[in-house]
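K.L.:
In mature numbering (1 follows the signal peptide of the UniProt record, and there is no 0), the protein residues as written are -29 to -1, 1 to 232. C-beta atoms are modelled at their ideal positions from N, C-alpha and C, and glycine is treated no differently.
Okay, here's the thing in structure tokens:
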């Protein structure tokens, strides 16, 4: 009996000693497994962030710039420039331009820019200019106004011997932004050299525009001054502006004047 009792006691003691060790081993294993899972999640998050940043770095950005918001029929058209970036760098390739939905030009990007100028022959009206680069597309609106200078004549032959008071007048009318001009000035320049305005060495003369869009240069005012240059053939151009600032203007067809001896 004593032998059996001692044996049972020994077994119980052994079991009691082994249980804390197993519990400790299990407790130590749990944090280790959780740490590995956390590290894996952190790595996956870092990879996702890096992938997103890389994608954003190469994101295509397209914007349009206009030389102005409108033009006048028969004059230089508006220039539309596409500026394309791929991330922080200038994009390469080609840009397709469309006018009211119809493709009109394909331009190669140079330093991230490509341009298209509308034709001077586009009829008056509202236009939508679009630029497409790969999957990106942007549009802008441009207005073409019905504006023109109508002249009583564009070719004159005069004699150097004729009195300036007997020379014919140059008359005309101005249509500006779809309606007859009601104010402003018409200036005439040799060879159309308008740079410098009235200070230009090629400036000839000026006439005011009345409320109905009419103007007139007396014979001595325009042709008389051309006559003073002596025999030869000269080319002039008339320019209309609605204010002294000359912020916006339209121009006529060339005026040819031949002075004979």
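#1: Taking all protein chains shown into account, do 16 or more other C-beta atoms lie within 10 angstroms of the C-beta of residue 213, making it buried, or fewer, making it exposed?
#2: Relative to the C-alpha of residue 81, which residue among 63, 68 and 156 is closest?
#3: Is it right to say residue 159 is buried, meaning 16 or more other beta carbons lie within 10 angstroms of its own, or is it exposed?
#4: Does the beta-carbon distance from residue 177 to residue 145 come in below 8 Å?
#5: Go through its chain and collect everything with a Cβ distance to residue 71's Cβ below 8 Å, but skip five positions before and after it.
#6: Where residue 37 and residue 184 are concerned, what is the direct C-alpha to C-alpha distance, given to the nearest angstrom?
#7: For residue 143, does the count of other Cβ atoms within 10 angstroms reach 16, so buried, or fall short, so exposed?
#8: Does residue 101 pass the burial test, meaning 16 or more other C-beta atoms within 10 Å, or should it be called exposed?
#9: Which term fits residue 233, buried or exposed, when burial requires 16 or more other beta carbons within 10 angstroms of its beta carbon?
#10: With H, G and I counted as helix, E and B as strand and the rest as coil, what does DSSP make of residue 135?
#11: Is residue 221 near residue 174, with beta carbons less than 8 Å apart?
#12: Name the one or two DSSP bridge partners that residue 158 has.
#13: If we ignore side chains and look at the alpha-carbon of each, how far apart do residue 163 and residue 202 end up?
#14: In this structure, how does DSSP classify residue 39 when only helix, strand and coil are distinguished?
#15: Taking only three categories from DSSP, how would you classify residue -27?
#16: Candidates 108, 93 and 191: which alpha carbon is nearest residue 54's?
#17: Our contact map puts residue 116 next to residue 41 with C-beta atoms below 8 Å; I'd like the distance itself, whole angstroms only.
#18: Using only CA atoms, which one of 195, 154, 51 and 219 lies nearest to residue 137?
#19: Just list the residues that DSSP pairs residue 151 with in beta bridges.
#20: Could you tell me the distance, in whole angstroms, from the CA atom of residue 155 to the CA atom of residue 225?
#21: If you draw a straight line from the alpha carbon of residue 60 to that of residue 48, how long is it in whole angstroms?
#22: Name the DSSP bridge partner or partners of residue 76?
#23: Could you tell me the alpha carbon to alpha carbon distance between residue 124 and residue 111, rounded to whole angstroms?
#24: Which whole-angstrom value is the C-beta distance of residue 31 and residue 57, which I expect to be below 8 Å?
#25: State buried or exposed for residue 167, treating a residue as buried only when at least 16 other CB atoms are found within 10 Å of its CB.
#26: Would residue 45 and residue 91 qualify as a contact pair, given that the criterion is a beta-carbon distance under 8 Å?
#27: Under 8 Å, do residue 182 and residue 140 count as touching if we go by C-beta distance?
P.N.:
The relevant details are as follows:
#1: Counting from one through the chain shown, the residue named residue 213 turns up at place 242. Residue 213 is buried by the Cβ-count criterion.
#2: Walking along the chain shown from the start, residue 81 turns up at place 110. Per the Cα distances, 63.
#3: One-based indexing of the chain shown puts residue 159 at position 188. Burial call: buried.
#4: Sequence index remark: in the chain shown, residue 177 carries index 206 (1-based). Sequence index remark: in the chain shown, residue 145 carries index 174 (1-based). No, the pair does not count as a contact, with Cβ atoms beyond the cut-off.
#5: Within the chain shown, the letter at position 100 stands for residue 71. Counting only Cβ-Cβ distances below 8 Å, and skipping sequence neighbours, we find 98 and 99.
#6: The count along the chain shown starts at 1 and reaches residue 37 at position 66. The count along the chain shown starts at 1 and reaches residue 184 at position 213. Distance between the alpha carbons of residue 37 and residue 184: 30 Å.
#7: As a position in the chain shown, residue 143 is number 172, starting the count at 1. The residue is buried, with at least 16 neighbouring Cβ atoms inside 10 Å.
#8: Against the chain shown, residue 101 aligns to sequence position 130. Buried, because 16 or more other Cβ atoms sit within 10 Å of the Cβ of residue 101.
#9: In the structure as shown, the chain starts at -29 and stops at 232, and residue 233 therefore has no counterpart that could be examined.
#10: Translated into positions along the chain shown, residue 135 becomes position 164. Here residue 135 sits in helix by DSSP.
#11: Looking up residue 221 in the chain shown gives position 250. Looking up residue 174 in the chain shown gives position 203. Cβ atoms of residue 221 and residue 174: not closer than 8 Å.
#12: Taking the first residue of the chain shown as position 1, residue 158 is located at position 187. DSSP, once it has assigned bridges, lists 177 and 210 as partnering residue 158.
#13: Residue 163 sits at position 192 when you count from the first residue of the chain shown. Residue 202 sits at position 231 when you count from the first residue of the chain shown. One C-alpha to the other measures close to 20 Å.
#14: In the chain shown, counting from the first residue as 1, residue 39 sits at position 68. Note: residue 39 maps to coil in three-state DSSP.
#15: Along the chain shown, read from residue 1 onward, the residue named residue -27 stands at position 3. Residue confidence for residue -27 is low, a pLDDT of 40 falling below 50, so the modelled location carries little weight; the figure read from the coordinates is stated next. The three-state reading of DSSP puts residue -27 in helix, counting H, G and I together.
#16: Position 83 of the chain shown, counting from 1, holds the residue named residue 54. The residue with the shortest Cα to Cα distance from residue 54 is 108.
#17: Taking the chain shown and counting its residues from 1, one reaches residue 116 at position 145. Taking the chain shown and counting its residues from 1, one reaches residue 41 at position 70. At roughly 6 Å, the Cβ-Cβ gap stays under 8 Å, so residue 116 and residue 41 are in contact.
#18: In the chain shown, the residue the question calls residue 137 occupies position 166. Comparing Cα positions, the closest option is 195.
#19: Here the question's residue 151 lines up with position 180 in the chain shown. Answer is 146.
#20: Within the chain shown, numbered from 1, the residue matching residue 155 stands at position 184. Within the chain shown, numbered from 1, the residue matching residue 225 stands at position 254. In a straight line, the C-alpha of residue 155 is about 20 Å away from that of residue 225.
#21: Walking along the chain shown from the start, residue 60 turns up at place 89. Walking along the chain shown from the start, residue 48 turns up at place 77. Rounded to whole angstroms, residue 60 to residue 48 spans 30 Å at the Cα level.
#22: Here residue 76 is taken as the residue at index 105 of the chain shown, counted from 1. Note: residue 76 sits in a beta bridge opposite 68.
#23: On the chain shown, residue 124 is found 153 positions in, with the first residue counted as 1. On the chain shown, residue 111 is found 140 positions in, with the first residue counted as 1. Approximately 39 Å, taken between the alpha carbons.
#24: For the purposes of this step, residue 31 is taken as the residue at position 60 of the chain shown. For the purposes of this step, residue 57 is taken as the residue at position 86 of the chain shown. Confirmed, about 5 Å.
#25: Counting from one through the chain shown, the residue named residue 167 turns up at place 196. It is exposed - the Cβ of residue 167 has fewer than 16 other Cβ atoms within 10 Å.
#26: As a working note, residue 45 is residue 74 in the chain shown. As a working note, residue 91 is residue 120 in the chain shown. Yes, these two residues count as a Cβ contact at 8 Å.
#27: Position 211 of the chain shown, counting from 1, holds the residue named residue 182. Position 169 of the chain shown, counting from 1, holds the residue named residue 140. Cβ atoms of residue 182 and residue 140: not closer than 8 Å.
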